[in-house]
Structure formats: C-alpha cells, structure tokens
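Have a look at the structure below before the remarks.
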Amino acid sequence: MALSEVVWIALLGTVSGLMIGCIGIGGVILVPALVFLVGIPIQIAIPAAMFAYIVSGVVAMVVYARNKSIAWPMATWLCLGGTPAAFAGAWAVSIFDSRLLAGCLGLLTFLSGINSLRRQNIADVDANAETKVSNAVLLIIGLVTGFLSSLTGTGGPLVLVPILITMRLAILTSVGLSQVFQLPVALAATAGNIVYGKLDLTLGAVLAASLSGGSWYGAKLAHSVPRGILRGIVSATLVLIGASILGNVGWHLMK
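Residue numbering for the sequence shown follows the numbering used here, beginning at 1 and increasing consecutively.
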C-alpha cells in the first residue's frame, strides 16, 4: 500500500469518524468512498470498515459514557436483541434482493429525517423528561436494527438513530445508544469475515486509527453544540443520505 494511498484512506476515515462521533451517522459514506475514490474492491472494503468500527465505536462510547450520555439499561436491551440478529442478518444476505433492502433503508432514513425536521419535532426534546420505552420494545428494535444493519452492511447507527429520534428520544441519548449498539454488529460481522478469510488487517488498522481519531473529536463536539442545532444537523444528514440511497437504487433499476 503506497504512502499516498494510506494518507487518502486515513483522511476518509477521519471524516467518517468525525460524523460517527458527532451525529452517529457517517459509516455509510466510508465504504462507497473506499470503493469509488480509492479503488479498493468492495469485498475488501466492507470487512476492513466493520473491523475499524469496533475500535472507533469503543472510543466514541467512552466519550459519551464520560459525559453520562448513554442510557445503559436501554443499551443493554438493544444489544441483547441486536447481537443474535446481526448473525442472522449476515446469513440472510444471499436471500434478499439487495435493491429492495437498499430502497427500504433509504426510505426509512429519508422519512425519519423529514419527520425530525418538522418544526414540532425540533422542539427541545432534551429539556423534557426522557421518553420512556419498554424493555420489550427495545428488544424488538434491537432485533430489527441488528438484522437490517448486518443485512445491508451499514452498521448500527444509520438504522438505529432514525428509529430512536422518530420515537422522540433526546438526540444525545439516541446517538449515545447508537455508539454502544454498533459494537455487537461490528463484532458479529468481523467474526464472520475472519472465518471466511476476507479481512485485510493492514487496511483495517489504518481505518481503525483514523476513524478513532475522528470519532473522539466528533463525540467531544457533539457535547458542545446546542441540542437544537445538533438535532437539525442529524435530521438534515438523514434526509441527504436517504435521498442519495433512493437515487442510487432508482438509477440501478433504470439501467
């Protein structure tokens, strides 16, 4: 791997990590960037990225935990549902039409962002009592999110954050939970990739280091930005990503 390529990969990892740490969404841009901008085969890019998410996820989780922004009881139930579902999703990859899955994911992301941008939803939810969600509902959300995250290869936050903010959870709570939740998904995917021998440890190490640096700073930034602004950034990002996914699916359907 040439030095210029390492620098370029590290830059992409840092930008993606910054988004992950700050708004919980950013991993979705990493694999496409590695494939289309760097020229790394997608079969190599996805396993390396999933491996890197383990390290960067721990870094961001520590920052959120220190700022008391993680609801650990909720995280426990989400992970209990998400961990086995992530394995099931990895097994089911070959069964479902990837375009259908991508379309559903894009629609969910886009509509969640639109819903959150509505003026009544951007009201300062953080100032009110935290929304109560039953353990059973959290378990189901974990199951669905873990399955979809593994099935689509997007990691946990992209699927989980839209669901949580639609349920009107505080924005920092939603992002903090996504930092914890991404760990079992990434671990499950990495375990499978190790078994099948598709993990490029050199690429994974470069991504892990750059993602971790970006995630650390992004998590710090998230706790200094006013909640209303942070929520607006998350919502707008969801709309843009959702529209991009839907546009990509439409393009492939017309080809």
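For glycine and all other residues, C-beta sits at the position ideal for the given N, C-alpha and C.
Range of the contiguous alpha helix (DSSP H) that encloses residue i
{"i": "residue 218", "result": "201 to 222"}
{"i": "residue 50", "result": "42 to 66"}
{"i": "residue 260", "result": "Lying outside 1 to 255, the shown extent of the chain, residue 260 is not represented and no answer is given."}
{"i": "residue 19", "result": "3 to 23"}
Rounded straight-line distance, which links the Cα of residue j to that of residue i
{"i": "residue 212", "j": "residue 66", "result": "16 Å"}
{"i": "residue 172", "j": "residue 222", "result": "8 Å"}
{"i": "residue 69", "j": "residue 161", "result": "14 Å"}
{"i": "residue 165", "j": "residue 238", "result": "11 Å"}
{"i": "residue 214", "j": "residue 81", "result": "28 Å"}
{"i": "residue 181", "j": "residue 72", "result": "11 Å"}
{"i": "residue 4", "j": "residue 12", "result": "13 Å"}
{"i": "residue 235", "j": "residue 91", "result": "31 Å"}
{"i": "residue 244", "j": "residue 204", "result": "26 Å"}
{"i": "residue 54", "j": "residue 208", "result": "8 Å"}
{"i": "residue 248", "j": "residue 110", "result": "13 Å"}
{"i": "residue 106", "j": "residue 250", "result": "11 Å"}
{"i": "residue 76", "j": "residue 139", "result": "9 Å"}
{"i": "residue 61", "j": "residue 253", "result": "38 Å"}
{"i": "residue 59", "j": "residue 216", "result": "6 Å"}
{"i": "residue 220", "j": "residue 64", "result": "8 Å"}
{"i": "residue 43", "j": "residue 51", "result": "13 Å"}
{"i": "residue 17", "j": "residue 157", "result": "12 Å"}
{"i": "residue 174", "j": "residue 46", "result": "25 Å"}
{"i": "residue 57", "j": "residue 228", "result": "24 Å"}
{"i": "residue 192", "j": "residue 113", "result": "32 Å"}
Beta-carbon separation (whole angstroms), residue i vs residue j, contact threshold 8 Å
{"i": "residue 85", "j": "residue 143", "result": "5 Å"}
{"i": "residue 48", "j": "residue 187", "result": "About 15 Å; that fails the 8 Å criterion."}
{"i": "residue 40", "j": "residue 218", "result": "Incorrect: roughly 23 Å between the Cβ atoms, too far for contact."}
{"i": "residue 233", "j": "residue 23", "result": "6 Å"}
{"i": "residue 189", "j": "residue 224", "result": "Not a contact, Cβ separation roughly 32 Å."}
{"i": "residue 9", "j": "residue 206", "result": "5 Å"}
{"i": "residue 133", "j": "residue 167", "result": "7 Å"}
{"i": "residue 146", "j": "residue 83", "result": "7 Å"}
{"i": "residue 241", "j": "residue 25", "result": "7 Å"}
{"i": "residue 148", "j": "residue 89", "result": "7 Å"}
{"i": "residue 226", "j": "residue 79", "result": "Actually they are not in contact, since the Cβ atoms of residue 226 and residue 79 sit about 30 Å apart, beyond 8 Å."}
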